[in-house]
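Novice:
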Amino acid sequence: MAHYEHVFLARQDLSQAQVDALAASATEIIEANDGKVTKTETWGLKNLAYKIDRNRKAHFVLLNIEGPGSVVAELERQTRINEDVIRYMTIRMDTPEDGPSVMMRKNDRERKKRSDREERS
């Protein structure tokens, strides 16, 4: 089985529950096509480097997928149709990444730095 990372950006005006529903629907599409989601991460609402369809921010979601290439083709087809998703990218990986992604580790480091600063004050 091949391993993939699928990241999509959802519109900024969606609630967190709607973003979770988008991730759940993507998971259903993958599982319906003989694939498996090994990890789902919601990175939260982040600023974009430039406007995309009049959006300055977007909700970022990562899915680690295990399955055949037909799973990715169907997932991207369904994602292209969805108006709530403004961008997506799927990358094939040689080996799956264990533990949290780089974005989640970055958030943990920033939280730790903030708490250290607050303790010194």
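For my numbering, add 295 to where a residue sits in the sequence shown, where the first one is 1. Yeah, the Cβ is synthetic: ideal placement off N, Cα and C, and Gly gets one too. Everything numeric in this text was worked out from a predicted model, so none of it was measured.
What is the rounded straight-line gap between the Cα of Arg387 and the Cα of Gly364?
Specialist: Along the sequence shown, one-based indexing puts residue 387 at 92. Along the sequence shown, one-based indexing puts residue 364 at 69. If I take the Cα positions, the gap works out to 9 Å.
Novice: In chain order, what residues of the same chain have a beta carbon less than 6 Å from the beta carbon of Lys341, not counting five sequence neighbours either side?
Specialist: Working through the sequence shown from its first residue, we reach residue 341 at position 46. Cβ within range, chain order: Phe355.
Novice: Quickly, what does DSSP pair Met398 with across the bridge? List them, please.
Specialist: The count along the sequence shown starts at 1 and reaches residue 398 at position 103. None; Met398 has no bridge partner.
Novice: Give the DSSP-derived three-state secondary structure of Arg412 in the structure shown.
Specialist: Reading the sequence shown from its first residue, position 117 is the one you call residue 412. Helix.
Novice: What does the alpha-carbon distance come out to for the pair Glu300 and Arg400?
Specialist: Here residue 300 refers to the residue found at position 5 of the sequence shown. Here residue 400 refers to the residue found at position 105 of the sequence shown. Going by the C-alpha atoms only, they are around 17 Å apart.
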